[in-house]
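To start, the structure itself, in structure tokens.
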Amino acid sequence: MINPSTRLIAEAIKVQGRFALNDDGAAGSVSAAILTSQGNIYTGICIDITCGIGTCAEHAAVAEMLKHRETQIEMIVAVKNQTIIPPCGRCRELLLQVDARNIDSRILLDGGQSMTLSEMLPHPWLTMRPRNRTPAQPLPLAPENLPTILPRLESLKLPHREKRQKRPA
Numbered sequence: 004m005i006n007p008s009t010r011l012i013a014e015a016i017k018v019q020g021r022f023a024l025n026d027d028g029a030a031g032s033v034s035a036a037i038l039t040s041q042g043n044i045y046t047g048i049c050i051d052i053t054c055g056i057g058t059c060a061e062h063a064a065v066a067e068m069l070k071h072r073e074t075q076i077e078m079i080v081a082v083k084n085q086t087i088i089p090p091c092g093r094c095r096e097l098l099l100q101v102d103a104r105n106i107d108s109r110i111l112l113d114g115g116q117s118m119t120l121s122e123m124l125p126h127p128w129l130t131m132r133p134r135n136r137t138p139a140q141p142l143p144l145a146p147e148n149l150p151t152i153l154p155r156l157e158s159l160k161l162p163h164r165e166k167r168q169k170r171p172a
């Protein structure tokens, strides 16, 4: 039987490989793989865009996991040029905010090492959660009684502009 960390690394390497999107962007230079508590593996690749609006491979893997309605991560790995790299601070924060139980997730590091998310993120930004919610319950984005389509503002009137007449020459 293959060791779960070996399999996870292999899955990340399988999708890793840089390719050009256009003259200014590329994707795939970093890949990530997530093993969930349900035993599923989800992968993602980074998108590198020059203006900084790209995304990390870990974010793409998390999005793939969320599409399948899973949130709890057992283990995660990121790979660049066939080398394991640690997730950046933004990715570490995302892993925790997706599900507070991910604080105990194993992050694979180079050289066969690993650390828990709590070891890599000792002072998380999100330290206060509503006490009446379990980690797997989503936080509401908007009040439930908020209409999805805003009513027309019939009373909104734009000022009328008179057409300018040409001056005689």
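Quick note: the sequence shown uses the numbering used here, first residue 4, plus one each step. By construction, the Cβ of each residue, glycine as well, lies at the ideal position given by its N, Cα and C atoms.
Item: Please state the DSSP three-state secondary structure of S8.; Value: helix
Item: Grab me the residues of Q75's own chain with a C-beta within less than 7 Å of its C-beta, minus the 5 sequence neighbours each way, in chain order.; Value: T39, S40, D102, R104, N105
Item: Identify, in the order they occur along the chain, each residue of the same chain with its Cβ nearer than 6 Å to the Cβ of S34, setting aside the five sequence neighbours on each side.; Value: A15, V18, Q19, I48, A60, V82
Item: If you draw a straight line from the C-alpha of R134 to the C-alpha of P90, how long is it?; Value: At R134, the pLDDT of 49 sits below 50, so the modelled position is not reliable; the number obtained from the coordinates is stated separately. The alpha-carbon atoms of R134 and P90 are separated by roughly 29 Å.
Item: Using the Cβ count rule (16 or more neighbours within 10 Å means buried), how would you classify H71?; Value: exposed
Item: According to DSSP, A30 sits in a beta bridge with which residue or residues?; Value: F22, I50
Item: Say the cut is 8 Å; is the CB of H62 nearer than that to a heavy atom of the ligand NAP?; Value: The ligand NAP is not among the ligands present in this structure, which contains no ligands whatsoever.
Item: The beta strand (DSSP E) that contains S117, what's its start and end?; Value: 117–119
Item: Can you give me the C-alpha to C-alpha distance between L50 and A36, rounded to a whole angstrom?; Value: Per the sequence shown, the amino acid found at residue 50 is Ile instead of Leu. Those two C-alpha atoms are separated by around 15 Å.
Item: Check the DSSP bridge columns for K83 and list the partner residues they point to.; Value: V33, T86
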